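Trainee:
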Amino acid sequence: MTEPIILAYMATGFLMWVALAALVLNDPNSRVSGEDTAAGLIGLFLTLTIWPVLLYTLTAAQKSE
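For the sequence shown, numbering that gives the first Met the number 0 begins at 0 and goes up steadily by one.
(1) Classify Glu34 as helix, strand or coil using the three-state DSSP reduction.
(2) Would you kindly work out how many angstroms separate the C-alpha atoms of Val23 and Lys62, rounded to a whole number?
(3) Mind reading off the beta-carbon distance from Ala20 to Leu40? Whole number of angstroms is fine, and I expect it under 8 Å.
(4) How about Gly12 and Leu47: are their beta carbons less than 8 Å apart?
Here it is in structure tokens:
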């Protein structure tokens, strides 16, 4: 079972990136195109989502040995 702290971390990160994307994409004075911003935010979200899951998996694998 996934630990609650991991789920809380992922949910908080997801909401943070959604809010940031909404702010940046709705800014009429933004010098960055919407596609570049969206691609960057998706990449950051995936990075922040994968690391805790990977660390949890490695920790769980070490505990089971």
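No residue lacks a Cβ here, since even glycine has one placed at the ideal position from N, Cα and C.
Being a predicted model, the structure only gives us computed values, none of them experimental.
Mentor: In brief:
(1) Glu34: helix per DSSP, three-state reduction.
(2) Roughly 42 Å between the two C-alpha positions.
(3) Between Ala20 and Leu40 a beta carbon distance of about 5 Å is seen, short of the 8 Å cut, so the two are scored as contacting.
(4) Yes, these two residues count as a Cβ contact at 8 Å.
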